[in-house]
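J.: One structure coming up, written as structure tokens, with questions to follow.
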Amino acid sequence: MFLDNGDGTFTLRFFRNGESEYVTVDRYLPTLSWSGKSPYAQYGSAPTSANNELWVALIEKAYAQLNESGWISQDGTNRYAGIEGGWMSGPIREILGGSSQARSISRTTKQEILDVLATDAAMTVGISGTAQFGAVDDHAYTLTAYNPETETFYLQNPWGKSHVSLTWEQLSAMDTYVIWSA
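Be aware that the sequence shown starts at 33, since it is given in this note's numbering, and climbs by one per residue.
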């Protein structure tokens, strides 16, 4: 997905209807005006922190730039606010190049989610509206694991903090959608 151009820029590959599209971005990333820290990967880390993950920030920057082209179904602007919100089915197709499946938690079963998780498919959980159990309102997470001992699903927050582990019953109690690569 990444090509380091050796000149301080990176070219990233996305997919449009299964065809490769390329976006080139530089290394300059936004920082919080009051702290100078990164607002994205490893949220709040100092710019020199070894924990910073540049690839996440570069994908987000390239995706914002791609939004300006008008084909990712957002607002058509080259800004981070322009890619805020929406469902993860589009980004899964545009980043991975395949298709995606989307279901409301109320229209699937715990076993079906466990079966998909076992395939190593990319899985996201979108919480629409008010969240509970430590989750963030109107937010998307990556579903990365299931712990059979505690019977909880691990949802990783792309902000780099506020990850949550939820039971099936907790997931089902919220307006939740699961989307995965197919």
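Glycine included, every Cβ here is placed at the ideal spot set by N, Cα and C.
As the structure is a prediction and not an experimental result, all values here were calculated from the model.
Buried or exposed, going by whether 16 or more other CB atoms sit within 10 Å of the CB of tryptophan 87?
T.: For the purposes of this step, residue 87 is taken as residue 55 along the sequence shown, with counting starting at 1. Answer is exposed; the Cβ neighbour count stays below 16.
J.: Going by DSSP, name the residue or residues bridged to methionine 155.
T.: The residue you call residue 155 lines up with position 123 of the sequence shown. Paired residue(s): Trp212.
J.: Nearest to methionine 206 by CA position, among Asn179, Pro62, Ser138 and Thr151, is which residue?
T.: Within the sequence shown, residue 206 is the residue found at index 174, counting from 1. Of the candidates Asn179, Pro62, Ser138 and Thr151, the one whose C-alpha sits nearest the C-alpha of methionine 206 is Ser138.
J.: Can you look up valine 148 in the DSSP assignment and give me helix, strand or coil?
T.: The residue labelled residue 148 in the question sits at position 116 within the sequence shown. Here valine 148 sits in helix by DSSP.
J.: Regarding lysine 193 and the ligand COA, is the C-beta to nearest heavy atom distance less than 8 Å?
T.: Only the bare structure without any ligand can be found here, which leaves the ligand COA out of the picture.
J.: Using only CA atoms, which one of Val210, Ala113, Lys142 and Met120 lies nearest to asparagine 179?
T.: Residue numbering aside, residue 179 sits at position 147 when the sequence shown is read from its first letter. The option with the nearest alpha carbon to asparagine 179 is Lys142.
J.: Suppose the cutoff is 6 Å on Cβ atoms and the five residues either side in sequence are ignored; what does the same chain contact list for tryptophan 200 look like?
T.: Locating residue 200 in the sequence shown gives position 168, counting from the first residue. Excluding residues within five positions, the ones whose Cβ falls inside 6 Å are Lys142.
J.: Give the DSSP-derived three-state secondary structure of asparagine 49 in the structure shown.
T.: Position 17 of the sequence shown, counted from the start, is the residue given in the question as residue 49. Annotated three-state conformation of asparagine 49 is coil, per DSSP.
J.: In this structure, what does DSSP give as the bridge partners for aspartate 36?
T.: Residue numbering aside, residue 36 sits at position 4 when the sequence shown is read from its first letter. Per DSSP, the beta bridge partners of aspartate 36 are Phe42.
J.: Per DSSP, asparagine 179 is paired with what?
T.: Numbered from its first residue, the sequence shown carries residue 179 at position 147. Asparagine 179 is bridged to Thr184.
J.: With distance defined between alpha-carbon atoms, name the residue in Ala163, Phe42 and Thr156 nearest to leucine 90.
T.: In the sequence shown, the residue the question calls residue 90 occupies position 58. Leucine 90 has its Cα closest to that of Phe42, out of Ala163, Phe42 and Thr156.
J.: Considering only the alpha carbon of each residue, which of Glu92, Ser197 and Gly158 lies closest to alanine 177?
T.: Residue numbering aside, residue 177 sits at position 145 when the sequence shown is read from its first letter. Taking only the C-alpha atoms, the option nearest alanine 177 is Ser197.
J.: Of all Cβ atoms in chain B, is any one closer than 9 Å to the Cβ of isoleucine 145?
T.: As a matter of chain content, chain B is missing from the structure shown, which is built from one protein chain.
J.: With a CB to CB cut of under 7 Å and the five nearest residues on each side skipped, what residues in its chain are close to methionine 120?
T.: Mapped onto the sequence shown, residue 120 falls at position 88. So the list reads Thr156, Gly158, Ala172 and Ile211, once near-sequence residues are dropped.
J.: How big is the Cα-Cα spacing for serine 204 and isoleucine 115?
T.: Translated into the one-based positions of the sequence shown, residue 204 becomes position 172. Translated into the one-based positions of the sequence shown, residue 115 becomes position 83. If you take the alpha carbons of serine 204 and isoleucine 115, they lie about 27 Å apart.
J.: Verify whether the separation of the beta carbon atoms of glutamate 126 and tyrosine 95 is less than 9 Å.
T.: Numbered from its first residue, the sequence shown carries residue 126 at position 94. Numbered from its first residue, the sequence shown carries residue 95 at position 63. Yes. Within cutoff.
J.: Express the C-alpha separation of lysine 93 and tyrosine 215 in angstroms, rounding to a whole number.
T.: For residue 215 there is no data in the structure shown, the boundaries of the chain being 33 and 214.
J.: Which value, in whole angstroms, describes the spacing of the CA atoms of phenylalanine 165 and aspartate 39?
T.: The residue you call residue 165 lines up with position 133 of the sequence shown. The residue you call residue 39 lines up with position 7 of the sequence shown. Taking the straight line joining both Cα atoms gives about 45 Å.
J.: Quick one: give me the first and last residue of the alpha helix (DSSP H) that arginine 125 is part of.
T.: Residue mapping note: residue 125 aligns to position 93 of the sequence shown, counting from 1. In the DSSP annotation of this structure, the continuous segment of the alpha helix (DSSP H) that includes arginine 125 starts and ends at 121-128.
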